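Engineer: The structure is given below, and queries will be raised subsequently.
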Amino acid sequence: MTSPVLLQGVPNSPYTRKMLALLRYRRIAYEFLIGVPEAAGLGASMGMPAFRRDGLPAANVGLAPTFYWPDASGTLTASVDSTPIIRRLEREHAGRSVLPSDPVLAFLDYLLEEYADEWLTKSVMHFRWYHPEDIEKAGAILPLALDTQLAPQAAELFTKMITKRQTGRLHVVGSNETTRKVIESSYVRFLKLFSAHLEGNAFLMGARPGASDFAVFGQLTQLTQFDPTPMALTLAHAPRVFAWVEHAEDLCGAACTEDDWVERDAIPETLLALLAEMGRTYVPVMLANEKAINAGHVEVRTEVDGTTWVQDPFPYQGKCLAWVRDEHRKLSISDRTAVDGLLQGTGCEALVQ
Ligand SMILES: N[C@@H](CCC(=O)N[C@@H](CS)C(=O)NCC(=O)O)C(=O)O
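Following the numbering used here, the residues of the sequence shown are numbered contiguously, the last one being 1239.
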């Protein structure tokens, strides 16, 4: 028997939840260490107690989740970034794939995975660390979620530290006084559109989940079920989405067949409406971010929905955009024509033109 896949992460990390749900659905055995992965002194700089298992290597960046893979000699190596890790798991474990077999659908799945990972996450970070009620809950629970046996004094200290650190990092994702409204109203629009889609479909990708479903699920675990403000918005506008998140957490018992993917000629309007939502927010911000990076500007400034958007340049998201274009370039000419036809009018066509 092959040994379980080893990963480390934290319960309140959307990407950790994305990957745990995906491993369950794919029926890949895993060992999960709760903790903050070691890298770049992240744990030390936060004065974190030693949650880590000794001897695990550091990844190049300290992100949750971190996966540890044995190399040919059995030595563990660390890697982060859920999107390529999903593709590695596909290569190493057969069956119950989360990548649609039709390249046209697979491209849409890739785009929506990006939207969740790079845009919905702005809502997660913003809602968690912007309004007092949310800050208070996260500050109190996050330390204990890492270690339920943490001594009260240590927990208190940790609460102060994490609150100070995270509220001071909102600018990294572009949450500020100016962008607050854009982020919050885009979350509500997303909820309504996703809810409408779920009325006729079990998942984004049809009757079986794609990588995008797990990406959306990961962010929604926090937005719908942990942080008070977005949770209340979810219950008010999209109770169906709340219920969906509870379903998607554990799909290890769900059957799936090849016919369960939505067909390229039957892509529902509700999915295209989600792409149009992506075209309204994610697309202008990603393009403006790329422009600012290329021009060496210290600020990204653009318009989203008639409102000014300002944030720090985000080099990682510049790379994400290049990867989207790679995926588009890899399509055959006829598949690319089909994709371009579907994207036409959603605003997403600007990503790949
Ligand atoms: N693109 C990465 C993102 C992972 C990520 O951003 N993780 C967050 C937690 S949700 C993190 O560990 N952040 C540490 C920090 O902000 O310093 C992925 O897909 O896995």
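Where is the CB? At the ideal position from N, CA and C, for every residue including glycine.
Computed from a predicted model, the values in this text were never measured in an experiment.
Entirely within the region 950–986 and at least 4 residues each: give me those alpha helix (DSSP H) ranges in chain order.
Structural biologist: Within the region 950–986, the complete alpha helix (DSSP H) runs of at least 4 residues are 968–978.
Engineer: Ignore the nearest five residues each way along the sequence and tell me which others in tryptophan 1005's own chain have a CB closer than 8 Å to its CB.
Structural biologist: Ser1072, Met1164, Thr1167, Tyr1168, Val1171
Engineer: Could you tell me whether the region 996–1004 touches the region 1098–1117, using the rule of 3 or more Cβ pairs below 8 Å?
Structural biologist: yes
Engineer: To the nearest angstrom, how far is it from the Cα of glutamine 1239 to the Cα of glutamate 1176?
Structural biologist: When rounded, the separation of the alpha-carbon atoms in glutamine 1239 and glutamate 1176 is 14 Å.
Engineer: Give me the Cα-Cα distance between glycine 1227 and leucine 1077, rounded to the nearest whole angstrom.
Structural biologist: Cα to Cα, glycine 1227 sits roughly 26 Å from leucine 1077.
Engineer: Is aspartate 1198 a contact residue of ligand 1, with contact defined as CB to any heavy atom under 6 Å?
Structural biologist: no
Engineer: What's the gap between the Cα of glycine 927 and the Cα of phenylalanine 1112?
Structural biologist: Unreliable positioning characterises glycine 927 in this predicted model, as indicated by a pLDDT of 47, which lies under 50. The coordinate reading is nonetheless provided below. About 28 Å.
Engineer: Please report the straight-line C-alpha distance between alanine 1141 and valine 891, rounded to a whole angstrom.
Structural biologist: 22 Å
Engineer: Please list the terminal residues of the continuous beta strand (DSSP E) segment that includes leucine 880.
Structural biologist: Nothing about residue 880 can be read from this structure; the chain reaches only from 887 to 1239.
Engineer: Ligand 1 heavy atoms versus the CB of threonine 980: any closer than 6 Å?
Structural biologist: Sequence inspection shows alanine at residue 980; the threonine mentioned does not correspond to that position. Answer for alanine 980: no, Cβ out of range of ligand 1.
Engineer: Taking the straight line between their C-alpha atoms, what separation do you get for glutamate 1042 and threonine 1156?
Structural biologist: 45 Å
Engineer: Is any heavy atom in ligand 1 found nearer than 6 Å to the beta carbon of leucine 906?
Structural biologist: no
Engineer: Quick one: what's got a C-beta closer than 8 Å to glycine 1086's C-beta in the same chain, skipping five residues either side?
Structural biologist: Cβ contact annotation for glycine 1086 (same chain, cutoff 8 Å, sequence separation greater than five): Pro1154, Thr1156, in chain order.
Engineer: Buried or exposed: glutamate 1070, going by 16 or more other Cβ atoms within 10 Å of its Cβ?
Structural biologist: Glutamate 1070 is buried by the Cβ-count criterion.
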